[in-house]
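These notes concern the structure reproduced below.
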Amino acid sequence: MQTILEEFAAQLPKEGRLDAAAAATDWDLLNIRIRKETLLVIKQRRKSARASFKQKLKRLLRQEKRLNEMAAGRPLTVDTVTDLMDALTLAEAAGDTPLQRVRGAITDCIRG
4 MQTILEEFAA
14 QLPKEGRLDA
24 AAAATDWDLL
34 NIRIRKETLL
44 VIKQRRKSAR
54 ASFKQKLKRL
64 LRQEKRLNEM
74 AAGRPLTVDT
84 VTDLMDALTL
94 AEAAGDTPLQ
104 RVRGAITDCI
114 RG
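Position one of the sequence shown corresponds to residue 4 (the numbering used here), numbered consecutively onward.
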(Lines of atoms letter the chains of each structure in order from A and count residues from 1; the text may use other names and numbers.)
(Lines give C-alpha, C1' and ligand atoms only; values in the text may rest on other atoms or scores of the structure.)
Protein backbone atom coordinates (compact mmCIF):
# COMPACT_ATOMS: atom_id res chain seq x y z
CA MET A 1 0.00 0.00 0.00
CA GLN A 2 2.79 2.38 0.84
CA THR A 3 4.34 1.97 -2.61
CA ILE A 4 0.98 2.79 -4.21
CA LEU A 5 0.77 6.00 -2.20
CA GLU A 6 4.39 6.87 -2.96
CA GLU A 7 3.77 6.38 -6.69
CA PHE A 8 0.71 8.60 -6.49
CA ALA A 9 2.63 11.29 -4.61
CA ALA A 10 5.45 11.13 -7.17
CA GLN A 11 3.10 11.80 -10.08
CA LEU A 12 1.63 14.91 -8.45
CA PRO A 13 3.05 18.15 -9.83
CA LYS A 14 5.54 19.82 -7.50
CA GLU A 15 4.80 23.35 -8.65
CA GLY A 16 2.16 25.17 -10.59
CA ARG A 17 -1.56 24.80 -10.69
CA LEU A 18 -3.25 21.49 -10.37
CA ASP A 19 -6.09 20.70 -12.74
CA ALA A 20 -9.10 19.82 -10.56
CA ALA A 21 -10.69 17.44 -13.06
CA ALA A 22 -7.44 15.54 -13.65
CA ALA A 23 -6.73 15.42 -9.92
CA ALA A 24 -10.22 14.06 -9.21
CA THR A 25 -9.79 11.38 -11.88
CA ASP A 26 -6.36 10.42 -10.53
CA TRP A 27 -7.76 10.30 -6.99
CA ASP A 28 -10.62 8.02 -8.06
CA LEU A 29 -8.19 5.71 -9.85
CA LEU A 30 -6.02 5.60 -6.73
CA ASN A 31 -9.03 4.68 -4.59
CA ILE A 32 -10.00 1.91 -7.01
CA ARG A 33 -6.46 0.53 -7.00
CA ILE A 34 -6.26 0.60 -3.19
CA ARG A 35 -9.66 -1.09 -2.92
CA LYS A 36 -8.59 -3.88 -5.30
CA GLU A 37 -5.38 -4.46 -3.37
CA THR A 38 -7.22 -4.46 -0.04
CA LEU A 39 -9.84 -6.93 -1.25
CA LEU A 40 -7.09 -9.20 -2.58
CA VAL A 41 -5.31 -9.19 0.79
CA ILE A 42 -8.60 -9.90 2.61
CA LYS A 43 -9.32 -12.81 0.25
CA GLN A 44 -5.86 -14.28 0.80
CA ARG A 45 -6.17 -13.99 4.60
CA ARG A 46 -9.59 -15.67 4.58
CA LYS A 47 -8.28 -18.48 2.39
CA SER A 48 -5.30 -18.98 4.70
CA ALA A 49 -7.48 -18.96 7.82
CA ARG A 50 -9.97 -21.37 6.25
CA ALA A 51 -7.19 -23.77 5.25
CA SER A 52 -5.64 -23.79 8.72
CA PHE A 53 -9.10 -24.26 10.29
CA LYS A 54 -9.85 -27.21 8.01
CA GLN A 55 -6.45 -28.76 8.74
CA LYS A 56 -6.89 -28.41 12.52
CA LEU A 57 -10.44 -29.80 12.41
CA LYS A 58 -9.33 -32.74 10.24
CA ARG A 59 -6.53 -33.55 12.70
CA LEU A 60 -8.90 -33.39 15.69
CA LEU A 61 -11.50 -35.59 13.99
CA ARG A 62 -8.79 -38.12 13.15
CA GLN A 63 -7.69 -38.12 16.81
CA GLU A 64 -11.29 -38.66 17.92
CA LYS A 65 -11.63 -41.60 15.53
CA ARG A 66 -8.44 -43.20 16.85
CA LEU A 67 -9.53 -42.73 20.47
CA ASN A 68 -12.91 -44.29 19.70
CA GLU A 69 -11.14 -47.24 18.08
CA MET A 70 -8.93 -47.62 21.12
CA ALA A 71 -11.97 -47.48 23.44
CA ALA A 72 -13.63 -50.20 21.34
CA GLY A 73 -10.68 -52.49 22.06
CA ARG A 74 -8.95 -52.40 18.69
CA PRO A 75 -5.20 -52.97 18.85
CA LEU A 76 -2.87 -49.98 18.62
CA THR A 77 -1.50 -49.05 15.23
CA VAL A 78 1.23 -46.64 14.25
CA ASP A 79 -1.42 -44.10 13.22
CA THR A 80 -3.12 -44.40 16.61
CA VAL A 81 0.13 -43.85 18.48
CA THR A 82 0.97 -40.88 16.26
CA ASP A 83 -2.42 -39.28 16.87
CA LEU A 84 -2.11 -39.90 20.60
CA MET A 85 1.29 -38.19 20.58
CA ASP A 86 -0.29 -35.19 18.85
CA ALA A 87 -2.89 -35.02 21.62
CA LEU A 88 -0.31 -34.96 24.43
CA THR A 89 -0.19 -31.77 26.44
CA LEU A 90 1.75 -30.45 29.41
CA ALA A 91 -1.21 -28.37 30.55
CA GLU A 92 -2.99 -29.47 33.70
CA ALA A 93 -6.28 -31.18 32.91
CA ALA A 94 -9.15 -31.53 35.36
CA GLY A 95 -9.38 -35.30 35.04
CA ASP A 96 -10.81 -35.23 31.53
CA THR A 97 -10.15 -38.24 29.38
CA PRO A 98 -8.24 -37.71 26.15
CA LEU A 99 -11.48 -38.30 24.23
CA GLN A 100 -13.27 -35.57 26.20
CA ARG A 101 -10.39 -33.16 25.60
CA VAL A 102 -10.43 -33.87 21.85
CA ARG A 103 -14.21 -33.43 21.68
CA GLY A 104 -13.89 -30.14 23.57
CA ALA A 105 -11.18 -28.99 21.16
CA ILE A 106 -13.40 -29.92 18.19
CA THR A 107 -16.26 -27.90 19.67
CA ASP A 108 -13.96 -24.92 20.30
CA CYS A 109 -12.59 -25.17 16.77
CA ILE A 110 -16.04 -25.22 15.19
CA ARG A 111 -17.28 -22.30 17.29
CA GLY A 112 -14.27 -20.31 16.23
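We put the beta carbon where it would ideally sit given N, CA and C, even for glycine. Quick caveat, the model's predicted, so the values are computed rather than measured.
Asked	Found
Can you tell me where the alpha helix (DSSP H) holding Asp31 begins and where it ends?	23 to 74
Only counting the same chain, and skipping five residues up and downstream in sequence, which positions put a Cβ closer than 7 Å to that of Lys59?	Cys112
Mapping DSSP to helix, strand and coil, what is Met88?	helix
So, for Ala24: in the same chain, excluding its five sequence neighbours on each side, which residues have a beta-carbon less than 8 Å away from its beta-carbon?	none
Mark Leu42 as exposed unless 16 or more other C-beta atoms lie within 10 angstroms of its C-beta, in which case mark it buried.	exposed
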